[in-house]
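Novice: Dropping a structure here in structure tokens format, bear with me for questions.
In this note's numbering, the protein residues as written are 3 to 940.
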């Protein structure tokens with residue numbers, strides 16, 4: 003009865019995941035004639051007829067009639083210097099398994115077997131070499147998608163012609179196959195073996211919800227699993243295996259294993275494209291019911307590495323019991339082409355070593371694609387051709403350039419030559435051409451291009467420009483006479499007009515301008531320019547008159563305002579300090595001169611509140627409710643009943659003044675539901691105060707770290723708070739122009755209103771990003787534990803500094819721990835190092851706040867933990883944008899509101915234990931200097 007219940011439970015758990023994955027599968031039958039459902043796997047296949055217009059479909063010989071439907075046809079491509087690409091849609095920063103397969107079929111002449119290259123974007127994936135016409139060659143790559151699409155390309159045949167049978171895309175879940183190096187490296191699957199398999203058939207979907215192909219150890223091919231130790235036996239079970247670990251391998255694979263009954267278990271196999279650095283996983287699950295006095299302990303004997311080989315594997319102990327998976331990993335290890343591995347039982351063990359499966363992937367450095375600005379211009383030019391310029395798709399430069407462009411060997415590659423003569427192009431020349439500063443030759447002659455010649459003054463390397471025989475109009479730009487490398491310019495037979503730049507007539511440039519009746523070597527009539535000059539002077543005079551009148555009116559209005567203030571018994575305030583800092587300016591002259599009205603009272607948003615009104619509202623500052631970044635905070639109630647929080651400024655230094663001015667100016671012009679609104683300010687009697695809307699439920703820090711006095715937050719409530727705060731920061735980064743960097747993101751600066759909605763507060767340290775800069779040089783300010791180490795090291799402030807701090811906030815929400823604590827983290831000192839080490843082992847459960855473990859859903863936590871670790875990456879360019887963080891949190895909310903709960907007691911899952919072997923196998927990050935991957939030094 004228990005077995006039936008467990009089986010039903012497993013089916014119920016797998017069905018939703020499987021269905022979800024199928025919707026996100028892409029399965030393309032290359033050369034196929036129609037769409038269909040594979041009766042064996044129940045996967046839906048689509049023909050590439052509407053996807054790929056190049057090449058031709060061919061029937062594969064099938065004398066026995068036993069081929070799967072997707073291998074009955076293939077698509078062959080010409081043997082030339084082009085590349086042929088399939089484009090697959092992806093979600094940026096999500097991980098995918100990309101798989102291409104190749105079945106050539108029988109051939110009378112084996113000398114014609116193909117050999118060609120396979121690329122993923124600009125990354126060399128594999129060399130496809132057909133040696134057995136009846137074998138299906140499988141190439142798999144695990145990637146984190148770099149953008150919203152990827153290209154899989156075939157090219158560069160040395161024998162035969164390039165071809166492909168199938169192309170598949172499988173979206174992976176949560177943190178599966180996460181590595182420290184995924185910003186610079188993909189994972190090419192070298193081996194995935196199911197030991198003890200019941201047959202030669204591979205295990206894949208639906209047994210594996212992610213449709214990984216687990217090859218049988220019974221498969222026969224050269225140098226594949228040879229050197230088997232004597233006494234090796236195959237075992238299996240029908241009991242359910244708990245596979246709730248980092249990589250979620252299929253239960254069916256874990257239900258079989260091989261055992262070294264004589265104490266040794268060894269194999270040898272060849273690894274394609276090795277030696278190389280690799281990520282290797284071993285899968286162990288005790289599937290035999292051992293007696294009370296029986297033990298199974300073993301060590302890795304080969305390859306011998308002291309730290310790893312000295313660690314004892316005790317499966318049942320490591321995995322917290324039998325029929326539960328344990329998966330130690332080698333995150334970065336150097337392996338040879340011929341891999342020999344063996345396990346040997348220890349002296350105190352009476353059962354031999356056991357192995358269920360292995361998975362080995364090679365690190366492949368991601369290739370550099372062509373410069374993005376260059377690609378944007380090329381794509382614009384493609385759309386202008388009525389003949390639909392053939393590009394062979396994919397990257398314009400790598401591995402083979404488009405037929406009408408020439409590329410440099412730089413990294414990233416740059417476009418040096420565009421050749422589009424006589425392609426019947428229509429429209430205006432793209433203005434983005436000015437960004438292609440590596441361009442040396444431009445051939446756009448013989449088309450129907452219209453409009454004026456765009457700005458190309460930045461093309462300092464341009465030598466040859468062909469624009470003749472088009473319909474271009476307007477003046478011939480004067481910059482042509484100043485281009486330092488220009489040798490040839492052809493603009494004949496257009497409709498250009500105006501004066502020819504004298505430098506083009508000096509004889510240093512080959513210049514042809516015939517067929518442009520409006521072009522001349524001399525200027526037009528002087529009367530024409532005299533008229534223009536007269537009109538210009540008249541306009542300037544009118545503008546000067548209006549400006550003078552405006553200044554006089556402004557002076558009058560300010561005088562009246564001052565008089566009204568005195569009539570009410572108000573003393574003149576110290577406005578000059580603010581007015582001078584907030585002087586009107588089209589562009590900020592400093593980090594805090596940012597108000598746009600010249601006077602805060604002119605803003606019409608944050609109003610001046612007299613000191614006597616604030617004293618009445620706060621009952622003479624009798625109720626202190628906290629401490630802000632520059633002084634105490636008091637509770638108050640205004641005459642209209644509005645509850646407020648009054649921040650008083652204790653710092654009278656120039657730095658404190660800047661903080662005050664910054665916060666007033668910023669909050670006077672920004673308005674968002676997730677930012678604490680500023681009601682008014684006071685600068686009077688040598689006191690400075692800010693008046694905010696009162697937030698009834700205090701700070702997020704209070705609820706996380708002082709829950710005894712405040713409302714306990716369940717996981718869903720924490721997710722909604724994180725979403726609110728992230729939206730507030732995202733508005734600062736992208737909704738303000740220029741963008742605003744908070745600089746002090748932390749849980750005590752995230753306030754909760756009466757409805758527990760979160761709002762970001764405390765802008766005293768905020769900085770405004772200059773419109774023409776990517777970062778701000780600034781003395782590092784912030785709070786210990788939240789401060790971006792990259793910002794602290796080089797004082798270069800960007801929005802990614804806020805992202806780092808918010809990542810720490812997310813880790814606090816998950817764990818309920820403070821960001822810095824020697825008591826909680828020991829030598830690791832802070833939450834980032836502590837959480838990173840556990841998450842990278844796949845052990846998120848050990849991080850979860852103990853008050854949440856009975857109700858939280860593990861996949862929801864994983865989604866947030868994954869993005870939190872991305873936020874606290876060492877380098878800013880590796881961190882996500884706030885919008886990506888919001889998406890991740892919203893994904894977690896959807897999961898949390900679903901049906902997949904973390905069952906009671908699952909905190910004892912195997913991944914929650916830090917065993918001797920996992921700590922040894924958790925390799926330090928490798929040296930990535932010079933763009934190469936080297937083994938780590940220990």
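Note that beta-carbon positions come from the ideal geometry of N, C-alpha and C, so glycine has one too.
Tell me the DSSP bridge mates of residue 476?
Specialist: BP columns for residue 476 point to 498.
Novice: What are the start and end residues of the alpha helix (DSSP H) that includes residue 892?
Specialist: From DSSP, the alpha helix (DSSP H) with residue 892 extends over 884-898.
Novice: Helix, strand or coil for residue 832, going by three-state DSSP, please let me know.
Specialist: Residue 832 falls in the strand class under three-state DSSP.
Novice: Specify, as a first and last residue, the run of the beta strand (DSSP E) that residue 634 falls within.
Specialist: From DSSP, the beta strand (DSSP E) with residue 634 extends over 634-639.
Novice: Does DSSP put residue 85 in a helix, in a strand, or in coil?
Specialist: Strand.
Novice: Suppose contacts are defined by Cβ-Cβ distances below 8 angstroms. Is residue 898 in contact with residue 718 by that definition?
Specialist: Yes, Cβ-Cβ distance for residue 898 and residue 718 is below 8 angstroms.
Novice: Which residue marks the beginning of the alpha helix (DSSP H) containing residue 865, and which one marks its end?
Specialist: Unbroken alpha helix (DSSP H) run through residue 865: 860-873.
Novice: To which residues does DSSP link residue 468 through a beta bridge?
Specialist: Residue 468 pairs with 445 and 492.
Novice: Quick one: Cα of residue 406 to Cα of residue 420, how far?
Specialist: Each residue's alpha carbon lies about 6 angstroms from the other.
Novice: Looking at C-alpha atoms only, which residue of 198, 220, 849 and 310 is the closest neighbour of residue 260?
Specialist: For the residues 198, 220, 849 and 310, the minimum Cα distance to residue 260 belongs to 198.
Novice: Helix, strand or coil for residue 310? Go by DSSP, reduced to three states.
Specialist: Looking at residue 310 - three-state DSSP - the assignment turns out to be helix.
Novice: Hey, how far is the Cα of residue 192 from the Cα of residue 492?
Specialist: Each residue's alpha carbon lies about 55 angstroms from the other.
Novice: For residue 324, which of helix, strand or coil comes out of DSSP?
Specialist: Looking at residue 324 - three-state DSSP - the assignment turns out to be coil, as it is neither helix nor strand.
Novice: What are the boundary residues of the alpha helix (DSSP H) that includes residue 810?
Specialist: Residues 801-817.
Novice: Under 8 angstroms, do residue 466 and residue 440 count as touching if we go by C-beta distance?
Specialist: Cβ atoms of residue 466 and residue 440: not closer than 8 angstroms.
Novice: In angstroms with no decimal places, state the Cα-to-Cα distance between residue 33 and residue 142.
Specialist: Residue 33 and residue 142: Cα-Cα distance of roughly 20 angstroms.
Novice: Let me check understanding here. Comparing Cα to Cα, which of 324, 422 and 488 lies closest to residue 245?
Specialist: The shortest Cα separation from residue 245 among 324, 422 and 488 belongs to 324.
Novice: Among the candidates 319, 837, 336 and 698, whose CA atom is the shortest distance from the CA of residue 275?
Specialist: Comparing Cα positions, the closest option is 336.
Novice: Quick one: using the 10 Å Cβ neighbour count with 16 as the cut-off for buried, is residue 360 buried or exposed?
Specialist: The residue is buried, with at least 16 neighbouring Cβ atoms inside 10 Å.
Novice: Excluding sequence positions up to five away, which residues of its chain have a Cβ less than 8 angstroms from the Cβ of residue 422?
Specialist: So the list reads 383, 387, 391, 406, 445, 446 and 449, once near-sequence residues are dropped.
Novice: Which stretch, first to last residue, makes up the alpha helix (DSSP H) that contains residue 380?
Specialist: Residues 374-385.
Novice: What are the partner residues of residue 31, as DSSP defines its beta bridges?
Specialist: Beta-bridge pairing links residue 31 to 49 and 168.
Novice: If you draw a straight line from the alpha carbon of residue 610 to that of residue 683, how long is it in whole angstroms?
Specialist: Taking the straight line from one Cα to the other gives about 5 angstroms.
Novice: For residue 229 versus residue 342, is the C-beta spacing smaller than 8 angstroms?
Specialist: Yes, they are a contact pair.
Novice: For the beta strand (DSSP E) that residue 145 lies in, which residues bound it at each end?
Specialist: Its beta strand (DSSP E) spans residues 139-146.
Novice: Report the residue from 302, 247 and 649 whose alpha carbon sits nearest the alpha carbon of residue 315.
Specialist: It is 302 whose Cα lies nearest to the Cα of residue 315.
Novice: For residue 2, report the span of its beta strand (DSSP E) as first-last.
Specialist: Any answer about residue 2 is impossible in this case: the structure gives the chain only from 3 up to 940.
Novice: For residue 749, is the classification buried or exposed, using 16 other Cβ atoms within 10 angstroms of its Cβ as the cut-off for buried?
Specialist: Buried is the call here.
Novice: I need the straight-line Cα distance from residue 77 to residue 803, nearest angstrom please.
Specialist: Residue 77 and residue 803: Cα-Cα distance of roughly 49 angstroms.
Novice: Should residue 752 be labelled buried (16 or more other beta-carbon atoms within 10 Å of its own) or exposed?
Specialist: Looking at its Cβ environment, which holds 16 or more other Cβ atoms inside 10 Å, residue 752 is buried.
Novice: Who does residue 78 pair with in a DSSP beta bridge?
Specialist: Paired residues: 58 and 165.
Novice: First and last residue of the beta strand (DSSP E) that includes residue 691?
Specialist: Note, residue 691: beta strand (DSSP E), 689-695.
Novice: Check whether the stretch 76-93 and the stretch 165-175 touch, using three or more Cβ-Cβ pairs below 8 angstroms as the test.
Specialist: Contact between the stretch 76-93 and the stretch 165-175 is present, because at least three Cβ pairs lie under 8 angstroms.
Novice: Determine the contact status of residue 300 and residue 239, defining contact as a CB-CB distance below 8 angstroms.
Specialist: Result no, Cβ atoms of residue 300 and residue 239 do not sit closer than 8 angstroms.
Novice: So what's residue 734 in DSSP terms, helix, strand or just coil?
Specialist: In the structure shown, residue 734 sits in a helix (DSSP, three-state: H, G or I).
Novice: Rounding to the nearest angstrom, what Cα-Cα distance links residue 186 and residue 875 in this structure?
Specialist: The straight-line gap from Cα to Cα measures roughly 14 angstroms.
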